[in-house]
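**Student:** According to our numbering, the stretch in the sequence shown is residues 110 to 383, in order. Glycine is no exception: its CB is placed at the ideal position from the N, C-alpha and C atoms. Here the structure is a predicted model, which means the values were calculated and not measured. The structure under discussion is supplied below as structure tokens; questions concerning it will follow.
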Amino acid sequence: MEKNNNHIYRKQLVLEQMMIEIFDAVCKKRRCPVCGDEIRVYIPARYRIDDFLTDPLSCPACESEPRHRLLALLLGKHGVYPHPRRTEGRPFRLLHFAPEMGFLKAFGKHSGLDGFEYHPADLDAERFQKHGISVRKEDIQRLSFEDSYFDLVICSHVLEHVADDRMAIGEIRRVLKPNGGTAYLMVPKASNQPLWKVPKLGRTLEAPYVATDEQRELLYGQHDHMRLYSDDFIDRLEGFDVEIVAPADFLDEAQMDYYRIGESAGEIYVCRKA
Ligand SMILES: [Zn+2]
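In structure tokens:
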């Protein structure tokens, strides 16, 4: 009986939320900070009524999720998005690992202009070929770039898929320029996910006995995740000066509503190489 009430309550919440979205769509226009398109409403990624409350709301034009919009806004605040900083003839190099389509298009447009070099890279570079986009095949644990080559690295929701994430973080540090080279890292953490989805231990969960897709789904929240991070993720960022930026650190409530960004978007680890 209680389960039934719960179900009805959930449906009511979904309907209320849908009414709010429809009202917003009629009354407001929003600009997506990733692709720059003017849109009426963000939509749930999976179009299932039960997912409406928990699914990230995506941009219908570029499929940006809240965490992408958060990243775009912080990069914009730091003067590197959508127009990368001009450096008066000196090259400005960006390594973008597992690039999201909205960012890929925006950065791609400026690549080669004013010394800006955009280097999108992915372990599965082939998946971009069908879009006619050239992305370099790279294993983040063994990057082929020389030391101190990049001004900027962007790497969002990648490290949780990597077998040896400490090795990958070491590689990011190696290819960054000293004295200011900066990495923007994001990882899914237990604190940003619903309680019913993942366990909350207060420390990163990474167990050697977890070996199957089913076990990973159950413990880490996704079948292809190698661990479930917690706030101790920062301990892995050796050799960096780290600033953790949460949505409320630079957006007010009205902005968070306008861009549909909640606390579940997570935090951005801004890592400066010493
Ligand atoms: Zn968009």
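#1: Under a three-way DSSP split, which group does Tyr378 fall into?
#2: Please report the distance separating the alpha-carbon of Asp273 from that of Pro175.
#3: Is Ser220 a contact residue of ligand 3, with contact defined as CB to any heavy atom under 7 Å?
#4: Let me make sure I understand the geometry here. Which of Arg194, Lys186, Cys171 has the alpha-carbon closest to that of Leu213?
#5: Ordered along the chain, which non-local residues of its own chain (more than five positions away) have a Cβ less than 7 Å from that of Tyr367?
#6: Does Leu183 have its Cβ less than 8 Å from a Cβ in chain D?
#7: Helix, strand or coil, according to DSSP, for Glu372 in the structure here?
#8: Run through DSSP, which three-state label would Pro153 get?
#9: Return helix, strand or coil for Asp223, following the three-state DSSP convention.
#10: Just confirm the distance between the C-beta atoms of Ile249 and Leu346, as a whole number of angstroms; I'd bet it's less than 8 Å.
#11: Where Pro200 and His187 are concerned, what is the direct C-alpha to C-alpha distance, given to the nearest angstrom?
#12: Does the Cβ of Ala181 have 16 or more other Cβ atoms within 10 Å, making it buried, or fewer, making it exposed?
#13: Is the beta carbon of Val143 within less than 7 Å of some heavy atom of ligand 1?
#14: Terminal residues of the continuous alpha helix (DSSP H) containing Asp322?
#15: So what's Glu147 in DSSP terms, helix, strand or just coil?
#16: Which partner residues does Ala292 have in the DSSP bridge list?
#17: Who does His228 pair with in a DSSP beta bridge?
#18: Just list the residues that DSSP pairs Val319 with in beta bridges.
#19: Could you tell me the alpha carbon to alpha carbon distance between Gly375 and Ser339, rounded to whole angstroms?
#20: Check each candidate in Pro153, Leu203, Gly211, Arg119 and name the one with the smallest Cα separation from Gly145.
#21: Considering just the uninterrupted stretch of the alpha helix (DSSP H) at Phe254, what are its terminal residues?
#22: To the nearest angstrom, how far is it from the Cα of Pro193 to the Cα of Arg178?
#23: Alpha carbon to alpha carbon, what distance is there between Ala320 and Ile148?
**Tutor:** Working from what's here:
#1: strand
#2: 27 Å
#3: Looking for ligand 3 in the displayed structure turns up nothing; the ligands present are ligand 1.
#4: Cys171
#5: Arg139
#6: Any reference to chain D falls outside this structure, which holds one protein chain only.
#7: helix
#8: strand
#9: coil
#10: That pair is no contact at about 15 Å.
#11: Pro200 and His187: Cα-Cα distance of roughly 18 Å.
#12: buried
#13: yes
#14: Counting along the chain, the alpha helix (DSSP H) containing Asp322 begins and ends at 322–329.
#15: Glu147 carries a strand assignment under DSSP once its states are collapsed to helix, strand and coil.
#16: Val262, Cys380
#17: For His228, which the question treats as bridged, DSSP gives the partners Leu204.
#18: DSSP output for Val319 lists no bridge partner at all.
#19: Taking the straight line joining both Cα atoms gives about 11 Å.
#20: Gly211
#21: Element bounds for Phe254: n/a, residue is neither H nor E.
#22: 17 Å
#23: 42 Å
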